[in-house]
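Below is one structure, written out as C-alpha cells, with a few remarks after it.
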Amino acid sequence: MALGRPLTRPLPWGQRVAVLAGLVLLLFLALVLGLGIGAVAVPPVEVVRALLGLEANPIVTELRLPRVLGAMLVGAALALSGAAYQGLFRNPLADPYLMGSAAGAAFGVVVAVSWLGGFSGAFAQHAIFERLPFSATWFGFLGALAAVALTLLLAGGASRTQDLILAGVVVGSVLVSLTSYLMLQGADRVRAVFAYTLGNLSFMSWPGVGLLGLYLLLTLPLLWLLSRTLNALSLGEETARSLGLPLERLKLLAIGAATLLTAAAVAQAGIIGFVGLVVPHALRRLLGGDYRYLLPASVLGGAVLLTLADLLARTLVAPGELPVGILTTLLGGPFFLYLLWRGRRV
Amino acid sequence: MSLAARGLTFHYRQQAVVQEVSLELHPGEWLALLGPNGAGKSTLLRLMAGLLLPTAGQVWLDEQPLARCSSWRRGQQIAFLPQDGPYPENLTVEEVVLLGRTPHLGLLGRPGPADWAAVRWAMQETQVAALAQRLLPTLSGGERQRVLLARALAACPRFLLLDEPTSHLDLHHQAEFLRLLSSLRSQGLGILTVLHDPNLAAQADRVAFLRQGRIMALGAPLEVLQEPLLRGVYGPGVQVRHLEGRPVVLLGG
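Protein chains in written order, with the working numbering: chain W, 13 to 358; chain G, 13 to 265.
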C-alpha cells in the first residue's frame with residue numbers, strides 16, 4: 013500500500029546529519045521550555061543555571077525535571093517502538109496504539125497493580141508504582157506481547173493495512189474494556205487509575221525515569237543494530253530472507269525490543285496514542301527511509317513532541333491539567349485520517 | 013559446480029505442488045521454467061533459492077546440500093527476485109542496490125570499496141547508474157524492474173533466480189530485459205527464470221516444461237516447444253513455426 017507521497021529528491025548525507033543536529037537543538041529548547049513554564053515561571057537563563065547546578069532551584073530540579081525527563085523518555089520510547097513496528101511489519105500505519113499493544117500493556121499493568129499491589133495502596137496519587145515499578149513493566153510487556161500476537165493472528169499477518177488496523181482496534185477496545193472492569197473492582201481509586209489509562213505524565217517519578225532510561229539504553233542499540241534488517245525488509249520478507257538474513261530470529265528480537273519499549277512507556281504514563289505513528293512518519297519524509305537515521309531521529313523527535321504536548325496538557329487549562337493522552341489523540345487522530353485519505357488517493 | 017535439484021518434492025497442505033523434479037542449472041546458462049498457471053514453477057524456483065524446504069529430495073549447491081549452507085553463503089551465491097515484490101518508497105536507487113550487498117556485510121559490517129564497486133557494476137550492467145539518487149516511486153515500471161535486478165546482481169551471485177521478471181513490462185522493455193539477461197549469462201551467471209510466455213522462454217538456452225508439478229520435457233527450446241506437448245496443455249489450436257532457428261508459438265483459432 014502506497015502511503016504518503018515520496019520525496020522527489022532525497023537528502024544528501026550532510027543534510028541528514030543536520031536534521032539530527034536540529035532535533036538535538038529542539039530537544040534542548042523543549043527541555044528549557046518544559047522546565048521554565050508552569051504555575052511559577054522560571055526564566056530560561058535560570059533554568060539552565062539550575063540544570064548546571066550553579067544555583068539551587070527545587071521547582072526546576074525536583075518538581076519539574078522528573079516529569080519533563082519522563083515525557084522525553086516516554087515520547088522517545090513510543091516513537092522508537094512505532095518506527096520499529098512500521099519497519100518490521102512493512103506497514104506505515106503500524107504503531108503501538110493502533111496495534112493494540114499499548115492497550116495490552118495497560119491491561120497488564122492494571123492487572124499487576126490490582127492483584128499484586130492492591131488498588132488501595134499502590135494507586136495513591138503520585139505514588140502509582142512505588143511498590144512495583146519494575147514488575148509493572150514486565151506485566152505490561154506480557155500484556156503487550158499477547159496483544160500484538162492476537163492482532164497479528166486476527167489480521168492474518170501485517171501486510172493488509174485495513175485488516176491490521178481493524179484487528180488492532182478490536183484487540184485494543186476489548187483490552188480497554190477489561191481494564192475498565194478491573195478498575196471498577198477497585199472503585200475507591202477509579203479516578204487515579206482512569207487518569208493513568210488515559211495517558212498521564214503526572215505520575216512520573218525518579219525511579220520511573222531511571223527505569224525508562226534503562227530500557228531505552230538497552231533497546232536503542234539493539235534496534236539500531238537491526239536497522240539493516242529493517243531496511244532489507246522494505247523489499248519484502250522473501251527477498252530479505254534470500255539476502256541471508258536469519259529473519260525469524262531477528263524479527264522476534266525486534267518485536268520483543270519494540271514491545272518492551274511500549275510496555276515501559278505505558279507502565280509509567282498510561283496509553284499515549286499517535287506519538288509512535290506521527291513522529292516516524294514526519295521524519296521519514298525529512299530523512300528518507302534508511303532506518304540507521306530514522307531510528308535515532310525518532311527517539312529525538314518523540315522526545316521533543318511529547319515534551320511539548322505535555323507542556324500544553326498542563327498549561328492549557330491551568331491550574332487543572334488535561335491527560336496528555338487525550339491531547340495527542342485529539343491532534344494525532346486527524347493526522348491519521350489524513351494519512352488514510354491520502355493513501356486511498358495514491 | 014552447479015545448482016541442482018534432485019528428486020525434489022514439495023507438499024502444501026497434503027497436496028503435491030512439485031513432484032520428483034530433477035534439473036541442473038550450470039554457470040553461464042539460462043534455463044527457463046515454463047508451464048501453465050499452477051504448474052508449480054514459482055514453488056520450484058523458491059525451493060531452488062532455499063526459501064522453501066522440500067518435503068523430499070534436496071537442492072545441491074556445488075554438490076553440497078543447500079539446506080546445510082549458512083544463510084549468508086546461500087545469499088552470496090544465489091540471488092532471488094520475486095514477482096511483484098514490494099519495493100521501498102523512501103530509499104534511493106543506490107540505497108536499494110546496496111541492500112543487495114547484505115549477504116556480504118552481515119548484520120553489522122560497513123560497506124567497503126569492494127561493496128561500492130559491486131554496486132556500481134550492478135547499476136552499470138542494468139543501466140540505472142544515472143538514476144542513482146532517484147527514489148523508486150518516481151521511476152517507470154521498466155526502470156524499477158532494472159533497479160530491482162541491480163539489487164539482485166549487487167551480491168555478485170553465481171546463480172540468479174527470477175520469478176516472472178517481465179510480467180509487467182511492455183513488449184519493448186521485455187525484449188530489452190531479456191537481452192540484458194543473455195548478456196549476464198555470457199558473463200558466466202547461471203540464470204533460472206519462471207516464464208509463462210513460451211515465446212519468451214524460447215530465447216533461453218534450455219526450457220523445462222512443467223505441468224502439475226512434474227517436468228514434462230527438458231531441453232533446448234526447439235526440442236521442448238513442439239506442437240503435441242503444447243496442444244496437450246494450451247489447446248488444439250496451438251501451432252509452432254520456426255524463425256531464425258527459434259520456435260515461435262502461435263495460438264491459432
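The beta-carbon is built from N, C-alpha and C at its ideal position, and this holds for glycine as well.
Inter-residue CB distance, residue i and residue j (contact presumed, cutoff 8 Å)
| i | j | result |
| --- | --- | --- |
| G:F221 | G:A229 | 4 Å |
| G:A17 | G:M60 | 6 Å |
| W:T231 | W:L257 | The Cβ separation is near 20 Å, so there is no contact. |
| G:Q173 | G:L196 | The identity of residue 173 of chain G in the sequence shown is Leu, whereas the question assumes Gln. Contact doesn't hold; Cβ gap of about 13 Å is too wide. |
| W:G282 | W:G184 | About 14 Å separates the two Cβ atoms, so there is no contact after all. |
| W:M111 | W:V160 | 6 Å |
| W:L92 | W:L242 | With a Cβ gap of about 12 Å, W:L92 and W:L242 do not count as contacting. |
| W:A294 | W:A96 | In fact, because the Cβ distance is near 16 Å, the residues do not count as touching under 8 Å. |
| W:Y303 | W:S239 | 4 Å |
| W:G225 | W:L85 | 6 Å |
Below-8 Å beta-carbon distance, residue i vs any chain W residue
| i | result |
| --- | --- |
| G:F171 | no |
| G:E75 | no |
| G:Y24 | no |
| G:W84 | yes |
| G:T21 | no |
| G:A17 | no |
| G:A61 | yes |
| G:T138 | no |
| G:T266 | Since the first residue shown for chain G is 13 and the last is 265, residue 266 of chain G is missing from the structure and cannot be characterised. |
| G:M124 | Position check: residue 124 of chain G holds Gly in this sequence, whereas Met was assumed. By this cut-off, G:G124 is not an interface position. |
| G:L65 | no |
| G:L87 | Correcting the residue type first, residue 87 of chain G is Gly in the shown sequence and not Leu. Chain W contact via Cβ: present. |
| G:L119 | yes |
| G:L111 | yes |
C-beta neighbour in chain G for residue i, strict 8 Å
| i | result |
| --- | --- |
| W:R28 | no |
| W:L32 | no |
| W:F141 | Because W:F141 sits at a pLDDT of 46, beneath the cut-off of 50, its placement in the model cannot be relied upon, and the following sentence gives the value as read from the coordinates. Not an interface residue. |
| W:R102 | yes |
| W:R326 | no |
| W:R354 | no |
| W:W25 | no |
| W:L19 | Low local confidence applies: a pLDDT of 44 at W:L19 is under 50, so the model's placement there is unreliable, with the coordinate-based value given in what follows. Yes, its Cβ sits closer than 8 Å to a Cβ of chain G. |
Residues near residue i by beta carbon distance below 7 Å, same chain, minus five either side
| i | result |
| --- | --- |
| W:A321 | V336, L339 and T340 |
| G:R86 | G62 and L78 |
| G:R163 | V108, V109, L111 and G112 |
| W:A30 | none |
| G:S54 | D175 and V206 |
| G:G47 | K53, F221, L222 and R223 |
| G:L5 | Outside the modelled stretch of chain G, which goes from 13 to 265, sits residue 5 of chain G, for which no answer is possible. |
Residues near residue i in its chain [Cβ-Cβ closer than 6 Å; skip 5 each side]
| i | result |
| --- | --- |
| G:L262 | Q251 |
| W:G16 | Legend: pLDDT at W:G16 = 39, less than 50; position of this residue unreliable, value from coordinates given subsequently. Here the set comprises nothing. |
| W:H138 | Low confidence applies to W:H138: its pLDDT is 39, below 50, so where it sits in the model is not reliable, and the reading given next is rough at best. Excluding positions up to five away in sequence, the list is empty. |
| G:Q145 | T104 |
| G:L161 | T138 |
| G:R58 | L64 |
| G:T67 | T21, F22 and H23 |
| W:A136 | Unreliable positioning characterises W:A136 in this predicted model, as indicated by a pLDDT of 41, which lies under 50. A coordinate reading is not provided. |
Neighbourhood of residue i by C-beta, 8 Å cutoff - its chain only, sequence neighbours within 5 removed
| i | result |
| --- | --- |
| G:L151 | V105, L143 and V159 |
| G:V260 | N211, A214, V252, R253 and H254 |
| W:T191 | A115, A118, F119, V122 and T209 |
heavy atom of the ligand ADP below 7 Å from residue i C-beta
| i | result |
| --- | --- |
| W:L43 | Among the ligands in the structure shown, none appear at all, so the ligand ADP cannot be discussed. |
Quick check: the segment 35-50 of chain G against the segment 189-204 of chain G, are at least 3 beta-carbon pairs closer than 8 Å? Three or more beta-carbon pairs separated by less than 8 Å link the segment 189-204 of chain G to the segment 35-50 of chain G, which places the two stretches in contact.
Any chance the segment 235-249 of chain W sits against the segment 67-87 of chain W, with 3 or more Cβ pairs inside 8 Å? Judged by Cβ distances under 8 Å, the segment 235-249 of chain W makes no contact with the segment 67-87 of chain W, as fewer than three pairs qualify.
Taking only beta carbons into account, state which residues of the segment 243-264 of chain W come closer than 7 Å to chain G, listed in chain order. Within the segment 243-264 of chain W, those residues whose Cβ lies closer than 7 Å to any Cβ of chain G are, in chain order, N243, A244, S246, L247, G248, E250, T251, R253, S254, L255, G256, L257 and P258.
If the cut-off is 8 Å on Cβ atoms, which residues from the segment 218-242 of chain W count as contacting chain G, listed in chain order? Listed in sequence order: L237, L238, R240 and T241.
Check each residue of the segment 273-301 of chain W: if its Cβ is closer than 7 Å to any Cβ of chain G, include it; give the result in chain order. Closer than 7 Å at the C-beta level to chain G, one finds these residues of the segment 273-301 of chain W: R296, G300 and G301.
Report the residues of the segment 89-107 of chain G with a CB closer than 8 Å to any CB of chain W, ordered along the chain. Answer in chain order: I90, A91, F92, L93, P94, G97, P98, Y99, P100, E101, N102, L103, T104 and E107.
Report yes or no: do the segment 262-277 of chain W and the segment 153-164 of chain W share at least 3 C-beta pairs separated by less than 8 Å? Enough Cβ pairs lie closer than 8 Å, so yes.
Can you list, in chain order, the residues of the segment 35-47 of chain G whose Cβ is nearer than 7 Å to any Cβ on chain W? Sequence-ordered contacts of the segment 35-47 of chain G with chain W are nonexistent [C-beta pairs closer than 7 Å].
The segment 25-44 of chain W in contact with the segment 316-330 of chain W per 3-pair CB rule at 8 Å: Contact holds: three or more Cβ-Cβ distances are below 8 Å.
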